[in-house]
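Numbering (mature numbering (1 follows the signal peptide of the UniProt record, and there is no 0)), first residue to last: -29 to -1, 1 to 502.
Here a beta-carbon is modelled for each residue, glycine too, at the ideal position from N, C-alpha and C.
In this text, all values refer to a predicted model and were calculated from it rather than measured experimentally.
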(Lines of atoms letter the chains of each structure in order from A and count residues from 1; the text may use other names and numbers.)
(Lines give C-alpha, C1' and ligand atoms only; values in the text may rest on other atoms or scores of the structure.)
Protein backbone atom coordinates (compact mmCIF):
# COMPACT_ATOMS: atom_id res chain seq x y z
CA UNK A 1 0.00 0.00 0.00
CA UNK A 2 2.81 2.33 0.93
CA UNK A 3 4.70 1.26 -2.19
CA UNK A 4 1.59 1.94 -4.25
CA UNK A 5 1.23 5.37 -2.70
CA UNK A 6 4.86 6.18 -3.33
CA UNK A 7 4.56 5.19 -7.00
CA UNK A 8 1.44 7.31 -7.39
CA UNK A 9 3.12 10.34 -5.89
CA UNK A 10 6.18 9.87 -8.06
CA UNK A 11 4.06 9.55 -11.22
CA UNK A 12 2.08 12.70 -10.39
CA UNK A 13 5.30 14.65 -9.81
CA UNK A 14 6.63 13.47 -13.17
CA UNK A 15 3.43 14.53 -15.00
CA UNK A 16 3.50 17.94 -13.32
CA UNK A 17 7.11 18.37 -14.42
CA UNK A 18 6.21 17.65 -18.07
CA UNK A 19 3.33 20.11 -18.02
CA UNK A 20 5.54 22.80 -16.51
CA UNK A 21 8.27 22.21 -19.10
CA UNK A 22 5.80 22.50 -21.99
CA UNK A 23 4.46 25.80 -20.70
CA UNK A 24 7.95 27.18 -20.28
CA UNK A 25 8.91 26.41 -23.93
CA UNK A 26 5.71 28.02 -25.22
CA UNK A 27 6.44 31.22 -23.35
CA UNK A 28 9.97 31.31 -24.70
CA UNK A 29 8.71 30.82 -28.26
CA UNK A 30 6.29 33.72 -27.96
CA UNK A 31 9.05 35.95 -26.63
CA UNK A 32 11.36 35.13 -29.53
CA UNK A 33 11.50 36.17 -33.18
CA UNK A 34 10.01 33.00 -34.57
CA UNK A 35 6.35 33.99 -34.02
CA UNK A 36 6.73 37.49 -35.51
CA UNK A 37 8.40 36.22 -38.67
CA UNK A 38 5.98 33.42 -39.30
CA UNK A 39 3.04 35.82 -38.93
CA UNK A 40 4.16 38.02 -41.84
CA UNK A 41 6.02 35.55 -44.00
CA UNK A 42 3.88 32.44 -44.03
CA UNK A 43 0.79 32.44 -46.20
CA UNK A 44 -0.47 29.44 -44.28
CA UNK A 45 -0.86 31.65 -41.22
CA UNK A 46 -3.34 34.02 -42.91
CA UNK A 47 -6.08 32.88 -40.59
CA UNK A 48 -3.95 33.74 -37.58
CA UNK A 49 -3.11 37.15 -39.07
CA UNK A 50 -6.81 37.82 -39.67
CA UNK A 51 -7.64 36.88 -36.10
CA UNK A 52 -4.82 38.76 -34.41
CA UNK A 53 -4.51 41.75 -36.75
CA UNK A 54 -6.97 44.08 -35.04
CA UNK A 55 -5.37 43.68 -31.63
CA UNK A 56 -1.72 42.94 -32.39
CA UNK A 57 -0.90 45.07 -35.47
CA UNK A 58 0.79 48.45 -35.26
CA UNK A 59 -1.22 51.54 -34.37
CA UNK A 60 -0.44 53.18 -37.70
CA UNK A 61 -2.04 50.31 -39.58
CA UNK A 62 -5.05 50.46 -37.31
CA UNK A 63 -5.54 54.14 -38.07
CA UNK A 64 -5.27 53.65 -41.82
CA UNK A 65 -7.80 50.81 -41.70
CA UNK A 66 -10.22 52.58 -39.40
CA UNK A 67 -11.97 54.49 -42.16
CA UNK A 68 -13.02 51.19 -43.77
CA UNK A 69 -14.90 50.00 -40.69
CA UNK A 70 -18.52 51.07 -40.95
CA UNK A 71 -20.22 48.51 -38.79
CA UNK A 72 -20.11 45.70 -41.39
CA UNK A 73 -17.81 42.74 -41.76
CA UNK A 74 -14.13 43.46 -41.36
CA UNK A 75 -12.29 43.68 -44.69
CA UNK A 76 -9.18 41.67 -45.27
CA UNK A 77 -6.33 43.98 -44.18
CA UNK A 78 -3.38 44.80 -46.38
CA UNK A 79 0.21 44.53 -45.20
CA UNK A 80 1.44 47.79 -43.64
CA UNK A 81 2.77 50.32 -46.18
CA UNK A 82 6.19 51.89 -46.02
CA UNK A 83 4.90 55.28 -44.78
CA UNK A 84 2.95 56.27 -41.76
CA UNK A 85 -0.58 57.29 -42.78
CA UNK A 86 -2.22 60.29 -41.21
CA UNK A 87 -5.45 59.89 -39.28
CA UNK A 88 -8.65 60.27 -41.28
CA UNK A 89 -9.59 63.93 -41.61
CA UNK A 90 -12.95 65.54 -42.02
CA UNK A 91 -13.95 66.55 -45.57
CA UNK A 92 -12.20 69.72 -46.78
CA UNK A 93 -14.09 73.01 -46.76
CA UNK A 94 -15.93 74.02 -49.96
CA UNK A 95 -13.12 76.28 -51.10
CA UNK A 96 -10.46 73.53 -51.11
CA UNK A 97 -9.25 72.91 -54.65
CA UNK A 98 -7.60 69.50 -55.02
CA UNK A 99 -5.10 69.27 -57.83
CA UNK A 100 -3.96 66.03 -59.47
CA UNK A 101 -0.29 65.14 -59.20
CA UNK A 102 0.38 68.05 -56.86
CA UNK A 103 2.27 67.53 -53.56
CA UNK A 104 0.09 68.00 -50.47
CA UNK A 105 -0.10 71.55 -49.13
CA UNK A 106 1.66 72.70 -46.04
CA UNK A 107 -0.50 71.66 -43.15
CA UNK A 108 -1.15 73.44 -39.93
CA UNK A 109 -3.94 71.25 -38.62
CA UNK A 110 -4.73 67.74 -39.79
CA UNK A 111 -3.63 68.29 -43.40
CA UNK A 112 -5.81 71.33 -44.17
CA UNK A 113 -4.35 74.18 -46.22
CA UNK A 114 -3.24 77.23 -44.29
CA UNK A 115 -5.87 79.93 -43.91
CA UNK A 116 -5.29 83.68 -43.73
CA UNK A 117 -8.18 85.91 -42.64
CA UNK A 118 -7.99 89.61 -43.49
CA UNK A 119 -9.41 90.40 -40.05
CA UNK A 120 -6.23 88.96 -38.52
CA UNK A 121 -4.13 91.41 -40.54
CA UNK A 122 -5.78 94.59 -39.30
CA UNK A 123 -8.84 94.90 -41.53
CA UNK A 124 -11.81 96.68 -39.91
CA UNK A 125 -14.55 95.71 -42.36
CA UNK A 126 -16.71 98.72 -41.50
CA UNK A 127 -16.97 100.06 -45.06
CA UNK A 128 -15.35 103.35 -44.00
CA UNK A 129 -11.82 102.55 -42.88
CA UNK A 130 -9.33 101.94 -45.69
CA UNK A 131 -8.48 98.21 -45.54
CA UNK A 132 -6.08 98.22 -48.48
CA UNK A 133 -2.97 97.63 -46.34
CA UNK A 134 -4.62 94.67 -44.61
CA UNK A 135 -5.38 93.09 -48.00
CA UNK A 136 -1.79 93.67 -49.11
CA UNK A 137 -0.52 92.06 -45.90
CA UNK A 138 -2.73 89.00 -46.19
CA UNK A 139 -1.61 88.52 -49.78
CA UNK A 140 2.06 88.74 -48.75
CA UNK A 141 1.48 85.95 -46.23
CA UNK A 142 -0.68 83.71 -48.43
CA UNK A 143 1.66 84.13 -51.39
CA UNK A 144 4.34 82.14 -49.57
CA UNK A 145 2.22 79.05 -48.90
CA UNK A 146 1.06 76.67 -51.61
CA UNK A 147 -2.69 75.96 -51.62
CA UNK A 148 -3.30 78.61 -48.99
CA UNK A 149 -6.65 80.35 -48.59
CA UNK A 150 -7.32 84.06 -48.08
CA UNK A 151 -10.61 84.70 -46.30
CA UNK A 152 -12.80 87.77 -46.75
CA UNK A 153 -15.42 86.95 -44.11
CA UNK A 154 -19.14 87.42 -44.47
CA UNK A 155 -21.10 90.23 -42.80
CA UNK A 156 -18.26 92.73 -43.26
CA UNK A 157 -17.74 95.49 -45.83
CA UNK A 158 -14.15 96.24 -46.83
CA UNK A 159 -13.09 99.50 -48.47
CA UNK A 160 -10.14 98.63 -50.70
CA UNK A 161 -8.28 100.98 -53.00
CA UNK A 162 -6.36 100.05 -56.15
CA UNK A 163 -4.36 96.90 -55.40
CA UNK A 164 -2.18 94.37 -57.22
CA UNK A 165 -1.94 90.68 -56.36
CA UNK A 166 1.31 89.93 -58.11
CA UNK A 167 2.37 86.33 -58.43
CA UNK A 168 5.67 85.70 -60.28
CA UNK A 169 7.26 84.44 -57.06
CA UNK A 170 4.11 83.21 -55.34
CA UNK A 171 3.16 79.61 -54.65
CA UNK A 172 0.47 78.03 -56.79
CA UNK A 173 -3.14 77.04 -56.14
CA UNK A 174 -4.02 79.94 -53.85
CA UNK A 175 -7.72 80.45 -53.09
CA UNK A 176 -9.27 83.90 -52.58
CA UNK A 177 -12.49 83.16 -50.67
CA UNK A 178 -14.76 86.21 -50.88
CA UNK A 179 -17.85 85.87 -48.69
CA UNK A 180 -18.06 89.47 -47.51
CA UNK A 181 -18.32 92.65 -49.57
CA UNK A 182 -15.43 94.59 -51.11
CA UNK A 183 -16.13 98.15 -52.26
CA UNK A 184 -14.07 100.58 -54.32
CA UNK A 185 -13.38 104.13 -53.12
CA UNK A 186 -15.36 106.93 -54.72
CA UNK A 187 -12.88 109.68 -53.91
CA UNK A 188 -10.80 110.93 -56.82
CA UNK A 189 -7.78 111.06 -54.47
CA UNK A 190 -7.38 107.28 -54.68
CA UNK A 191 -7.09 107.25 -58.46
CA UNK A 192 -4.58 109.97 -59.28
CA UNK A 193 -4.67 110.84 -62.97
CA UNK A 194 -6.33 107.54 -63.77
CA UNK A 195 -5.63 103.83 -63.41
CA UNK A 196 -6.55 101.01 -65.77
CA UNK A 197 -7.44 98.48 -63.05
CA UNK A 198 -8.87 98.39 -59.56
CA UNK A 199 -7.90 94.83 -58.56
CA UNK A 200 -5.08 93.43 -60.67
CA UNK A 201 -4.04 89.74 -60.56
CA UNK A 202 -0.82 89.07 -62.48
CA UNK A 203 1.25 85.97 -63.30
CA UNK A 204 -0.57 83.51 -61.08
CA UNK A 205 -0.83 79.72 -61.42
CA UNK A 206 -3.86 77.75 -60.30
CA UNK A 207 -5.48 80.77 -58.66
CA UNK A 208 -9.15 80.64 -57.64
CA UNK A 209 -11.45 83.46 -56.58
CA UNK A 210 -14.73 82.15 -55.25
CA UNK A 211 -17.42 82.61 -52.63
CA UNK A 212 -20.83 84.16 -52.07
CA UNK A 213 -19.58 87.71 -51.66
CA UNK A 214 -19.86 90.90 -53.70
CA UNK A 215 -17.18 93.04 -55.34
CA UNK A 216 -18.71 96.48 -55.94
CA UNK A 217 -16.90 99.00 -58.15
CA UNK A 218 -19.38 101.78 -57.25
CA UNK A 219 -19.04 103.10 -60.78
CA UNK A 220 -21.89 105.61 -60.83
CA UNK A 221 -19.50 108.50 -60.05
CA UNK A 222 -17.53 107.54 -63.16
CA UNK A 223 -20.52 107.08 -65.44
CA UNK A 224 -21.90 110.50 -64.58
CA UNK A 225 -18.52 112.03 -65.39
CA UNK A 226 -17.95 110.33 -68.72
CA UNK A 227 -17.16 112.77 -71.57
CA UNK A 228 -19.34 113.20 -74.61
CA UNK A 229 -16.58 111.94 -76.92
CA UNK A 230 -16.39 108.53 -75.20
CA UNK A 231 -16.66 105.57 -77.60
CA UNK A 232 -20.18 104.44 -78.38
CA UNK A 233 -21.62 101.30 -79.93
CA UNK A 234 -21.75 101.70 -83.71
CA UNK A 235 -24.86 99.53 -83.99
CA UNK A 236 -26.78 102.28 -82.21
CA UNK A 237 -26.79 104.07 -85.59
CA UNK A 238 -29.07 101.34 -86.91
CA UNK A 239 -31.64 101.94 -84.19
CA UNK A 240 -33.98 104.77 -85.15
CA UNK A 241 -36.63 105.59 -82.56
CA UNK A 242 -40.19 106.28 -83.65
CA UNK A 243 -41.58 109.79 -83.43
CA UNK A 244 -38.07 111.27 -83.80
CA UNK A 245 -37.23 110.69 -80.17
CA UNK A 246 -33.54 110.30 -79.37
CA UNK A 247 -31.58 108.87 -76.50
CA UNK A 248 -29.48 111.44 -74.74
CA UNK A 249 -26.49 111.29 -72.47
CA UNK A 250 -26.97 111.69 -68.77
CA UNK A 251 -27.02 115.25 -67.46
CA UNK A 252 -24.04 117.20 -66.16
CA UNK A 253 -21.98 115.13 -63.70
CA UNK A 254 -22.77 115.53 -60.05
CA UNK A 255 -19.18 114.86 -58.96
CA UNK A 256 -17.65 112.39 -56.54
CA UNK A 257 -16.78 112.65 -52.87
CA UNK A 258 -15.16 115.94 -51.79
CA UNK A 259 -16.52 117.58 -54.96
CA UNK A 260 -13.62 116.24 -57.01
CA UNK A 261 -13.90 115.08 -60.60
CA UNK A 262 -12.96 111.50 -61.37
CA UNK A 263 -10.19 111.00 -63.96
CA UNK A 264 -11.16 110.30 -67.57
CA UNK A 265 -9.45 106.89 -67.47
CA UNK A 266 -11.95 104.48 -65.96
CA UNK A 267 -10.62 101.29 -64.31
CA UNK A 268 -11.60 97.70 -64.95
CA UNK A 269 -12.81 96.06 -61.73
CA UNK A 270 -10.84 92.78 -61.91
CA UNK A 271 -8.09 91.96 -64.37
CA UNK A 272 -6.08 88.74 -64.73
CA UNK A 273 -2.88 89.00 -66.74
CA UNK A 274 -0.34 86.38 -67.80
CA UNK A 275 -1.89 83.67 -65.63
CA UNK A 276 -2.58 79.94 -65.97
CA UNK A 277 -5.49 77.79 -64.78
CA UNK A 278 -7.65 80.53 -63.29
CA UNK A 279 -11.10 79.91 -61.80
CA UNK A 280 -13.75 82.49 -60.94
CA UNK A 281 -16.96 81.18 -59.39
CA UNK A 282 -19.81 82.10 -57.09
CA UNK A 283 -19.07 85.79 -56.61
CA UNK A 284 -20.98 88.83 -57.85
CA UNK A 285 -19.12 91.70 -59.53
CA UNK A 286 -21.25 94.81 -59.85
CA UNK A 287 -21.17 98.44 -60.92
CA UNK A 288 -17.67 98.50 -62.35
CA UNK A 289 -16.52 101.90 -63.65
CA UNK A 290 -15.72 100.15 -66.94
CA UNK A 291 -15.21 96.44 -67.75
CA UNK A 292 -16.09 94.09 -64.89
CA UNK A 293 -13.82 91.08 -65.46
CA UNK A 294 -10.92 90.92 -67.91
CA UNK A 295 -8.54 88.11 -68.91
CA UNK A 296 -5.46 89.13 -70.87
CA UNK A 297 -2.74 86.67 -71.95
CA UNK A 298 -4.22 83.87 -69.89
CA UNK A 299 -4.36 80.13 -70.61
CA UNK A 300 -6.90 77.82 -69.00
CA UNK A 301 -9.75 79.95 -67.63
CA UNK A 302 -12.94 78.67 -66.00
CA UNK A 303 -15.74 81.11 -65.13
CA UNK A 304 -18.92 79.57 -63.78
CA UNK A 305 -21.91 80.14 -61.52
CA UNK A 306 -21.18 83.82 -60.99
CA UNK A 307 -23.00 87.08 -61.68
CA UNK A 308 -22.17 90.44 -63.19
CA UNK A 309 -24.56 93.30 -62.63
CA UNK A 310 -24.66 96.95 -63.67
CA UNK A 311 -27.35 99.16 -65.25
CA UNK A 312 -28.10 98.76 -68.93
CA UNK A 313 -27.23 102.41 -69.56
CA UNK A 314 -23.86 102.34 -67.77
CA UNK A 315 -21.30 103.26 -70.48
CA UNK A 316 -18.67 100.76 -71.69
CA UNK A 317 -19.22 98.35 -68.80
CA UNK A 318 -18.45 95.05 -70.55
CA UNK A 319 -19.22 91.97 -68.49
CA UNK A 320 -16.32 89.64 -69.38
CA UNK A 321 -13.54 90.76 -71.71
CA UNK A 322 -11.17 88.20 -73.28
CA UNK A 323 -7.95 89.20 -75.00
CA UNK A 324 -4.97 87.11 -76.15
CA UNK A 325 -6.34 84.19 -74.14
CA UNK A 326 -7.12 80.59 -75.01
CA UNK A 327 -8.80 77.52 -73.55
CA UNK A 328 -11.55 79.52 -71.85
CA UNK A 329 -14.90 78.21 -70.56
CA UNK A 330 -17.67 80.56 -69.42
CA UNK A 331 -20.81 78.80 -68.23
CA UNK A 332 -23.82 78.87 -65.94
CA UNK A 333 -23.61 82.59 -65.23
CA UNK A 334 -25.81 85.69 -65.40
CA UNK A 335 -24.35 88.76 -67.09
CA UNK A 336 -26.15 92.12 -66.99
CA UNK A 337 -24.26 95.26 -67.98
CA UNK A 338 -24.15 98.35 -70.19
CA UNK A 339 -22.02 96.91 -73.00
CA UNK A 340 -21.11 93.45 -74.33
CA UNK A 341 -21.97 90.64 -71.93
CA UNK A 342 -18.90 88.87 -73.31
CA UNK A 343 -16.34 90.54 -75.55
CA UNK A 344 -13.85 88.35 -77.44
CA UNK A 345 -10.85 90.28 -78.74
CA UNK A 346 -7.79 89.51 -80.80
CA UNK A 347 -5.55 86.57 -79.94
CA UNK A 348 -8.37 84.40 -78.58
CA UNK A 349 -8.91 80.75 -79.49
CA UNK A 350 -10.70 77.72 -78.06
CA UNK A 351 -13.43 79.73 -76.32
CA UNK A 352 -16.56 77.89 -75.13
CA UNK A 353 -19.50 79.90 -73.77
CA UNK A 354 -22.67 78.07 -72.78
CA UNK A 355 -25.68 78.22 -70.48
CA UNK A 356 -25.37 81.95 -69.96
CA UNK A 357 -28.09 84.56 -69.39
CA UNK A 358 -27.29 87.90 -71.03
CA UNK A 359 -29.22 91.10 -70.53
CA UNK A 360 -29.38 93.98 -70.32
CA UNK A 361 -26.33 94.63 -72.46
CA UNK A 362 -25.08 94.57 -76.04
CA UNK A 363 -25.03 90.80 -76.50
CA UNK A 364 -22.05 88.50 -77.04
CA UNK A 365 -19.51 89.94 -79.46
CA UNK A 366 -16.36 88.96 -81.28
CA UNK A 367 -14.50 92.25 -81.61
CA UNK A 368 -14.12 94.95 -82.30
CA UNK A 369 -11.07 93.82 -84.28
CA UNK A 370 -8.52 95.51 -86.52
CA UNK A 371 -8.70 99.02 -85.09
CA UNK A 372 -5.90 101.37 -86.20
CA UNK A 373 -4.83 98.95 -88.98
CA UNK A 374 -3.91 96.20 -86.54
CA UNK A 375 -3.85 92.47 -87.19
CA UNK A 376 -6.43 90.33 -85.39
CA UNK A 377 -6.62 86.54 -85.13
CA UNK A 378 -9.60 84.73 -83.59
CA UNK A 379 -10.52 81.06 -84.05
CA UNK A 380 -12.54 78.16 -82.68
CA UNK A 381 -15.28 80.03 -80.85
CA UNK A 382 -18.47 78.31 -79.65
CA UNK A 383 -21.44 80.13 -78.12
CA UNK A 384 -24.43 77.95 -77.38
CA UNK A 385 -27.43 77.50 -75.09
CA UNK A 386 -27.68 81.20 -74.30
CA UNK A 387 -30.69 83.32 -73.34
CA UNK A 388 -30.67 87.01 -74.29
CA UNK A 389 -33.33 89.43 -73.14
CA UNK A 390 -33.68 93.14 -73.90
CA UNK A 391 -30.19 93.46 -75.38
CA UNK A 392 -29.09 95.70 -78.24
CA UNK A 393 -27.42 92.87 -80.16
CA UNK A 394 -27.64 89.12 -79.96
CA UNK A 395 -24.54 87.43 -81.41
CA UNK A 396 -22.23 89.79 -83.25
CA UNK A 397 -18.90 90.03 -85.10
CA UNK A 398 -17.52 93.57 -85.51
CA UNK A 399 -14.32 94.64 -87.29
CA UNK A 400 -12.78 97.92 -88.38
CA UNK A 401 -11.86 98.93 -91.91
CA UNK A 402 -8.11 98.77 -92.47
CA UNK A 403 -7.49 95.77 -90.25
CA UNK A 404 -6.00 92.41 -91.21
CA UNK A 405 -5.96 88.84 -89.93
CA UNK A 406 -8.96 86.52 -89.70
CA UNK A 407 -11.92 85.19 -87.75
CA UNK A 408 -12.69 81.56 -88.52
CA UNK A 409 -14.43 78.57 -87.04
CA UNK A 410 -17.31 80.24 -85.16
CA UNK A 411 -20.52 78.52 -84.02
CA UNK A 412 -23.55 80.32 -82.57
CA UNK A 413 -26.06 77.64 -81.59
CA UNK A 414 -29.34 77.46 -79.69
CA UNK A 415 -29.62 81.15 -78.87
CA UNK A 416 -32.98 82.28 -77.47
CA UNK A 417 -33.59 86.00 -77.97
CA UNK A 418 -36.40 88.02 -76.43
CA UNK A 419 -37.04 91.62 -77.55
CA UNK A 420 -33.51 91.92 -78.90
CA UNK A 421 -33.01 94.81 -81.29
CA UNK A 422 -30.48 93.16 -83.66
CA UNK A 423 -30.22 89.40 -83.03
CA UNK A 424 -27.63 88.50 -85.74
CA UNK A 425 -24.94 90.99 -86.78
CA UNK A 426 -21.75 91.04 -88.85
CA UNK A 427 -20.39 94.58 -89.15
CA UNK A 428 -17.09 95.06 -90.98
CA UNK A 429 -17.51 98.82 -91.04
CA UNK A 430 -17.47 99.27 -87.29
CA UNK A 431 -16.71 102.78 -86.06
CA UNK A 432 -17.20 103.98 -82.49
CA UNK A 433 -16.85 107.64 -83.48
CA UNK A 434 -19.04 109.91 -85.55
CA UNK A 435 -16.93 109.36 -88.67
CA UNK A 436 -14.18 106.93 -89.78
CA UNK A 437 -12.00 106.83 -92.90
CA UNK A 438 -12.90 104.33 -95.64
CA UNK A 439 -10.19 101.70 -96.15
CA UNK A 440 -9.94 98.65 -98.40
CA UNK A 441 -8.18 96.07 -96.21
CA UNK A 442 -10.20 94.06 -93.71
CA UNK A 443 -10.16 91.19 -91.25
CA UNK A 444 -11.21 88.06 -93.19
CA UNK A 445 -14.33 86.26 -91.93
CA UNK A 446 -15.00 82.62 -92.82
CA UNK A 447 -16.68 79.55 -91.41
CA UNK A 448 -19.38 81.33 -89.41
CA UNK A 449 -22.40 79.16 -88.50
CA UNK A 450 -25.71 80.31 -87.03
CA UNK A 451 -28.13 77.58 -85.98
CA UNK A 452 -31.29 77.50 -83.87
CA UNK A 453 -31.46 81.26 -83.33
CA UNK A 454 -35.04 81.84 -82.23
CA UNK A 455 -37.18 84.48 -80.58
CA UNK A 456 -38.28 88.08 -81.10
CA UNK A 457 -36.59 91.22 -82.44
CA UNK A 458 -37.51 94.89 -82.31
CA UNK A 459 -35.44 96.51 -85.12
CA UNK A 460 -33.84 94.13 -87.66
CA UNK A 461 -33.46 90.33 -87.55
CA UNK A 462 -30.21 90.04 -89.54
CA UNK A 463 -27.57 92.62 -90.45
CA UNK A 464 -24.64 91.35 -92.55
CA UNK A 465 -22.33 94.18 -93.70
CA UNK A 466 -19.13 92.61 -95.07
CA UNK A 467 -16.07 94.10 -96.72
CA UNK A 468 -16.17 94.99 -100.41
CA UNK A 469 -12.64 93.74 -101.03
CA UNK A 470 -12.76 90.74 -98.69
CA UNK A 471 -16.34 89.42 -98.47
CA UNK A 472 -17.54 87.08 -95.75
CA UNK A 473 -17.51 83.45 -96.92
CA UNK A 474 -18.90 80.15 -95.65
CA UNK A 475 -21.66 81.79 -93.63
CA UNK A 476 -24.23 79.10 -92.78
CA UNK A 477 -27.79 79.69 -91.55
CA UNK A 478 -29.83 76.84 -90.10
CA UNK A 479 -33.16 76.93 -88.24
CA UNK A 480 -33.45 80.68 -87.88
CA UNK A 481 -36.86 81.79 -86.55
CA UNK A 482 -37.08 85.46 -85.61
CA UNK A 483 -40.40 87.23 -85.25
CA UNK A 484 -40.93 91.00 -85.07
CA UNK A 485 -42.18 92.76 -81.98
CA UNK A 486 -43.15 96.35 -82.55
CA UNK A 487 -41.97 98.59 -79.74
CA UNK A 488 -40.61 102.13 -80.13
CA UNK A 489 -38.25 101.71 -83.11
CA UNK A 490 -38.50 101.69 -86.89
CA UNK A 491 -38.28 98.10 -88.13
CA UNK A 492 -36.33 96.77 -91.11
CA UNK A 493 -35.98 93.66 -93.28
CA UNK A 494 -32.87 91.46 -93.22
CA UNK A 495 -29.82 93.12 -94.77
CA UNK A 496 -26.82 91.49 -96.46
CA UNK A 497 -23.82 93.02 -98.21
CA UNK A 498 -21.02 90.92 -99.72
CA UNK A 499 -22.05 87.90 -97.65
CA UNK A 500 -21.68 84.42 -99.16
CA UNK A 501 -22.72 81.07 -97.76
CA UNK A 502 -25.63 78.68 -97.54
CA UNK A 503 -29.17 78.47 -96.20
CA UNK A 504 -29.57 74.99 -94.75
CA UNK A 505 -33.30 75.43 -93.99
CA UNK A 506 -35.98 78.01 -94.73
CA UNK A 507 -35.72 80.97 -92.38
CA UNK A 508 -38.24 83.21 -90.66
CA UNK A 509 -38.22 85.83 -92.00
CA UNK A 510 -36.79 84.80 -95.40
CA UNK A 511 -33.16 85.88 -95.77
CA UNK A 512 -33.00 86.11 -99.54
CA UNK A 513 -30.06 88.52 -99.50
CA UNK A 514 -27.50 85.83 -98.58
CA UNK A 515 -25.54 84.92 -101.74
CA UNK A 516 -25.02 81.21 -102.33
CA UNK A 517 -21.51 79.88 -102.94
CA UNK A 518 -18.32 81.92 -103.00
CA UNK A 519 -17.52 85.30 -104.56
CA UNK A 520 -15.92 85.20 -107.99
CA UNK A 521 -13.38 87.87 -107.13
CA UNK A 522 -12.50 86.68 -103.63
CA UNK A 523 -9.05 88.08 -102.95
CA UNK A 524 -6.80 85.70 -100.98
CA UNK A 525 -4.98 87.16 -98.03
CA UNK A 526 -1.27 87.77 -98.26
CA UNK A 527 1.11 85.97 -95.95
CA UNK A 528 1.45 89.19 -93.98
CA UNK A 529 -2.29 89.36 -93.39
CA UNK A 530 -2.90 85.68 -92.63
CA UNK A 531 -2.90 84.33 -89.09
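Run of the alpha helix (DSSP H) containing residue i, from where it starts to where it stops
i	result
residue 104	103 to 113
residue 192	191 to 194
Span of the beta strand (DSSP E), counted from its first residue to its last, around residue i
i	result
residue 137	134 to 137
residue 303	297 to 307
residue 390	375 to 391
residue 288	Looking at the DSSP string, residue 288 is not in any beta strand (DSSP E), and its letter there is neither H nor E.
residue 468	466 to 468
residue 280	278 to 280
residue 267	264 to 267
residue 441	No beta strand (DSSP E) contains residue 441, which DSSP labels as neither H nor E.
residue 462	Note, residue 462: premise wrong, no beta strand (DSSP E); not H, not E.
residue 140	Residue 140 -> no beta strand (DSSP E), and no H or E assigned at all.
residue 274	270 to 275
residue 240	239 to 244
Three-state secondary structure assigned by DSSP to residue i
i	result
residue 498	coil
residue 403	coil
residue 430	coil
residue 169	strand
residue 232	coil
residue 208	helix
residue 491	coil
residue 178	coil
residue 214	helix
residue 343	helix
residue 254	coil
residue 482	coil
residue -17	helix
Check whether residue i and residue j have beta carbons under 9 Å apart
i	j	result
residue 129	residue 96	yes
residue 546	residue 89	Because residue 546 is not part of the residues shown, which for the chain are -29 to 502, the question remains open.
residue 354	residue 321	no
residue 133	residue 150	no
residue 235	residue 165	yes
residue 173	residue 145	no
residue 331	residue 374	no
residue 360	residue 389	yes
residue 142	residue 109	no
residue 258	residue 280	yes
residue 328	residue 293	no
residue 502	residue 296	no
residue 243	residue 265	yes
residue 395	residue 434	yes
residue 137	residue 85	no
Residues bridged to residue i (per DSSP)
i	result
residue 127	BP columns for residue 127 are empty, so no partner.
residue 121	87 and 147
residue 157	Answer by DSSP bridge pairing: none, since residue 157 is not bridged.
residue 421	383 and 448
residue 332	362
residue 185	152 and 255
residue 435	397 and 467
residue 472	446 and 487
residue 337	315 and 368
residue 350	320 and 379
residue 454	427
residue 327	304 and 357
residue 97	128
Contact test: residue i Cβ vs the ligand NAP heavy atom, cutoff 8 Å
i	result
residue 381	As far as ligands go, the structure on display features none, and thus does not contain the ligand NAP.
Chain C contact for residue i (CB, 9 Å cutoff)
i	result
residue 484	Looking for chain C here will not work: only one protein chain is present.
Between the region 447 to 462 and the region 418 to 427, do at least 3 Cβ pairs fall closer than 8 Å? Touching, yes, given that three or more Cβ pairs across the two stretches are closer than 8 Å.
Could you tell me whether the region 325 to 342 touches the region 454 to 469, using the rule of 3 or more Cβ pairs below 8 Å? Short answer: they don't touch.
Is the region 285 to 293 touching the region 309 to 327, taking contact as three or more C-beta pairs under 8 Å? Contact between the region 285 to 293 and the region 309 to 327 is present, because at least three Cβ pairs lie under 8 Å.
Three or more C-beta pairs under 8 Å: does that hold for the region 411 to 422 against the region 352 to 372? Cβ pair count under 8 Å is three or more, so yes.
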